[in-house]
Amino acid sequence: MNKKLLLKAFALLVALSSNMGASAYDFAASGLYFNIIGTNAVEVTYNDNNSSYTSYSGNVDIPSTITYDGTTYNVTRIGNFAFRNSGDLTGVTIPNSITRIGNFAFYECINLTDIYIPWSVTYLGYDAFGKTGLTGIDIPNSVTYIGSEVCYKCPNLLNVRLSESIAFIDMRSFQDCTNLRRIIIPEGVTTIYSDAFKGCTNLTEVTLPRSTTTINSGVFSGCTALTNVTCFAPTPPSLYDNNVFSTETYNNATLNVPSSSYSAYQAANGWKLFNNVNPLPYDFVVHNLMYVITSSTTAKCIGSVLRDPTDSWAVEDEACGFLITEIAEEAFADCPNITSVKIGANVQKIGSAAFLNCSGLTKIIIPDAVTYVGGLVFYGCSSLSSVEIGKNCRFNSTTGYSMNIFKGCTSLTSITCLSEEPWEFMEPMFDQATYNNAVLWVPGGKQDAYRNTNYWNKFSHIRGIYTLDEALNVPGGNIHFYSSDNYPWVVDYDDYEMWAHSGNAGVHNSSSTLFAYVWVEEEGTLVRFQLQTRGEEGSAIYDECRFEIDGNMVFSFGTYASDGWAIQTSSLSPGSHLLTWSYNKDGSVNPEGDYFAIKAVELIPPATKRGDVNRDGDVSIADVTALIDYLLSGDDSGINLDAANCNNDSDVSIADVTALIDYLLSGSW
0 MNKKLLLKAF ALLVALSSNM GASAYDFAAS GLYFNIIGTN AVEVTYNDNN
50 SSYTSYSGNV DIPSTITYDG TTYNVTRIGN FAFRNSGDLT GVTIPNSITR
100 IGNFAFYECI NLTDIYIPWS VTYLGYDAFG KTGLTGIDIP NSVTYIGSEV
150 CYKCPNLLNV RLSESIAFID MRSFQDCTNL RRIIIPEGVT TIYSDAFKGC
200 TNLTEVTLPR STTTINSGVF SGCTALTNVT CFAPTPPSLY DNNVFSTETY
250 NNATLNVPSS SYSAYQAANG WKLFNNVNPL PYDFVVHNLM YVITSSTTAK
300 CIGSVLRDPT DSWAVEDEAC GFLITEIAEE AFADCPNITS VKIGANVQKI
350 GSAAFLNCSG LTKIIIPDAV TYVGGLVFYG CSSLSSVEIG KNCRFNSTTG
400 YSMNIFKGCT SLTSITCLSE EPWEFMEPMF DQATYNNAVL WVPGGKQDAY
450 RNTNYWNKFS HIRGIYTLDE ALNVPGGNIH FYSSDNYPWV VDYDDYEMWA
500 HSGNAGVHNS SSTLFAYVWV EEEGTLVRFQ LQTRGEEGSA IYDECRFEID
550 GNMVFSFGTY ASDGWAIQTS SLSPGSHLLT WSYNKDGSVN PEGDYFAIKA
600 VELIPPATKR GDVNRDGDVS IADVTALIDY LLSGDDSGIN LDAANCNNDS
650 DVSIADVTAL IDYLLSGSW
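The C-terminal position of the sequence shown is numbered 668 in numbering that gives the first Met the number 0, with every residue numbered one higher than the one before it.
Written out as structure tokens, the structure is:
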């Protein structure tokens, strides 16, 4: 018996002896048994009064907390033997509070066919799912340790995804899982221990990562159906003996290896027994994308191993210790079912026709590092509606030719180029319809530079990208604005001014919030801004515009159609304040898009007295006269409109005359 078997036998003996002569649970609640394992922490366990361990049946929902005898406990573990032999158990819900699933936790639960392991779990004990009815298991990347025999003799197990955070596959982990068809060992695994996949008689494909260094005895013995063994390790891993694979595998399966290591595998002990060795045109695969090493530190993506890739994909920033700096020519060409591709931040070059005819692609972000984009890269991406080009990008700038990069992208409505200085190229990148109809977004203040640069100047609509701070402060203002993650506020402008408006137009039952923290030094300081709304007219309040100071509502009203801007002024006491503007939509949607907009936000120090309309330093009947003259003539020269807003509402009106007279009669505001 080897050392690992001795250690396992000793651990099992300790576990069994610890459960003899003592209660296996401290209390029962909600149909479950619990052990107290720490301050306010418990684990799920079994009923020791049942000698066969069959403590549970049906569907079991494990709570994240449980209250017993006045104390609330966090449920953090599924203990050793907790559900062992519970043959009538058909389902279990594991909460995100669980971090550990113990030894033999679900051993011989033959009717348990499906289980979800949450990302809170870091540890799976040995035989945790041995001899169960599981048909598939997805072990999340949070798991850093998987014990031996974790899925030992699970005859129905068809699909397995292993954690990418483990360093080894323990002995007999998947032995005699006779329905298992394919296994991919994740990058980071260095050692596969004895008999890990022994007797998996329907296993046809095995993929071993670059990190593999050691494969122990009998790991794939009895896997007589193997037709493809792929090993990406640049140096052939050490095989314990010639029994790692079956004779049938050596005779019939194809061994796929990196082309640069082809000769090494043909000469290495054990590996040289393969009759069929195939040099691969790529060096490693990560998440089904193929990569070729281009230098000691870099690699390029050459596409997907799948024949018809679908849905979303991500080219890594870094993989297997290499920076991914390039996407090869035609890497994703003619893949109509790809909907999105995240391009890694280290990619510098995108080869010609890399995304040619990806007609399902809807949005693309080209990162800052890209300095070369070949011809026809996005040609025929007919669903592409949005493109963002990084601030350092220069498309094929060495020659100045763009070679129809975005031709045939008939759905384009928005192109963003973040470069502060537009580069010139010698032929159009886009269709004429795109130049006519789409909006080109460029850094704020750089619109004229783009209008004067060759072929950028073909866009009919060039608009600047400004920050909320730029849009909302008055000249010289320094208030910093934040927006909610959901439906953030949007900067807008015309030829004369900028503003910002709520971002949830057309989204029912939604809220869009803008806020700012301000510090006030002096008593009598005012915050002033202009506001405008658009919404459904009528007596009922459908959608709400709200302004709050420190969580206290200043105003709340329904939106209305308006072309003009109103002024809101509110006083602030000395100290820190939170200003909040929000737009809350009801369950209906106006197809024109409703909003709440503001601009010209400023803090006004108490330079003059309230009511000192004529700026003479005193509040008297002369100020009443000045205010009435203003209301009759509209001429505000020589008066202080801030001081004239005597009742602190949103505008200056006859009500302020009344407030001023009341002050002169009573001596108080």
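Even glycine gets a Cβ: it sits at the ideal position worked out from N, Cα and C.
Item, Value
"Grouping DSSP H, G and I as helix and E and B as strand, with all else coil, what is Ser667?", "coil"
"Helix, strand or coil: how does DSSP classify Ser632 here?", "helix"
"Please identify the residue among Ile464, Ser413, Thr452, Thr579 whose C-alpha is closest to the C-alpha of Phe424.", "Thr452"
"Applying the 10 Å Cβ sphere with the 16-neighbour rule, what's the burial state of Met170?", "buried"
"Please report the residue range of the alpha helix (DSSP H) in which Asp240 lies.", "Note, Asp240: premise wrong, no alpha helix (DSSP H); not H, not E."
"Give every residue of the same chain whose Cβ lies closer than 8 Å to the Cβ of Asp510, excluding the five residues on either side of it in the sequence, and list them in chain order.", "This sequence places Ser at residue 510; Asp is not what is there. If we look at Ser510 and ignore the five residues flanking it on each side, its Cβ neighbours are Ser483, Asn485, Tyr486, Asn503, Ser581, Tyr582, Asn583, Lys584."
"Mapping DSSP to helix, strand and coil, what is Met19?", "Since pLDDT at Met19 reaches only 37, below the 50 mark, its modelled position is unreliable, and no value is offered."
"Could you have a look at Ser246 and say whether DSSP puts it in helix, strand or coil?", "The residue asked about is misnamed: residue 246 is Thr in this sequence, not Ser. Thr246: helix per DSSP, three-state reduction."
"Would you call the CB atoms of Ser694 and Ser96 closer than 7 Å?", "The structure shown does not extend to residue 694, since the chain spans only 0 to 668, so no value can be given for it."
"For Trp668, does the count of other Cβ atoms within 10 angstroms reach 16, so buried, or fall short, so exposed?", "exposed"
"If you draw a straight line from the C-alpha of Met428 to the C-alpha of Trp422, how long is it?", "13 Å"
"Identify, in the order they occur along the chain, each residue of the same chain with its Cβ nearer than 7 Å to the Cβ of Leu578, setting aside the five sequence neighbours on each side.", "Phe514, Ala515, Val517, Val526, Ile548"
"Quick one: residues in its chain with C-beta nearer than 8 Å to the C-beta of His479, no 5 flanking neighbours on either side, listed in chain order?", "Asp468, Ala515, Tyr516"
"Assuming the contact rule is C-beta atoms closer than 8 Å, Ser413 and Ser382 should be a hit. Round their C-beta distance to whole Å, please.", "That belief does not hold up - the Cβ atoms of Ser413 and Ser382 are roughly 14 Å apart, past 8 Å."
"For the beta strand (DSSP E) holding Asn583, just list the boundary residues, first then last.", "574-583"
"Is Thr189 closer than 7 Å to Ser210 when the C-beta atoms are compared?", "yes"
"In chain order, what residues of the same chain have a beta carbon less than 6 Å from the beta carbon of Pro590, not counting five sequence neighbours either side?", "Below a pLDDT of 50, predicted positions are generally treated as unreliable, and Pro590, at 47, falls in that range; no measurement from the model is reported."
"Where does Val142 fall in DSSP's three states?", "coil"
"By the three-class DSSP mapping on this structure, what secondary structure does Gln446 have?", "helix"
"Output the distance between the C-alpha atoms of Val490 and Arg533, rounded to the nearest integer angstrom.", "16 Å"
"Let's test the definition: count the other Cβ atoms within 10 Å of the Cβ of Glu42 and tell me whether it reaches 16, buried, or not, exposed.", "buried"
"What would DSSP say about Gln265, mapped onto helix, strand or coil?", "helix"
"Going by alpha carbons, who is nearest to Pro117 out of Ser162, Phe80, Ala643, Asn79?", "Ser162"
"Measure the C-alpha to C-alpha separation of Val623 and Val612 and round it to an integer number of angstroms.", "8 Å"
"For Gly379 and Ser418, I'd like the C-alpha separation in whole angstroms.", "25 Å"
"Could you tell me the alpha carbon to alpha carbon distance between Pro280 and Tyr481, rounded to whole angstroms?", "49 Å"
"Could you tell me the alpha carbon to alpha carbon distance between Ile388 and Thr370, rounded to whole angstroms?", "11 Å"
"Closest to Pro257 by C-alpha separation, out of Val284, Asp240, Leu238, Asn250, would be which residue?", "Val284"
"Per the contact definition of three or more C-beta pairs closer than 8 Å, is the segment 306-313 in contact with the segment 321-329?", "no"
"Less than 7 Å between the beta carbons of Leu179 and Leu156, yes or no?", "yes"
"How many Å lie between Gly505 and Tyr594 at the Cα?", "9 Å"
"Can you name, in chain order, every residue of its own chain whose Cβ lies under 7 Å from the Cβ of Ala166, other than the five neighbours on each side?", "Gly187, Val188, Thr189"
"Would you kindly report the start and end of the unbroken beta strand (DSSP E) that includes Asn275?", "275-279"
"What do you get for Asn477, buried or exposed, if any count of 16 or more other CB atoms within 10 angstroms of its CB means buried?", "exposed"
"Flag this pair as yes or no: are the beta carbons of Ala127 and Ile109 separated by less than 7 Å?", "no"
"CB Asn345 to CB Asp316, shorter than 7 Å?", "yes"
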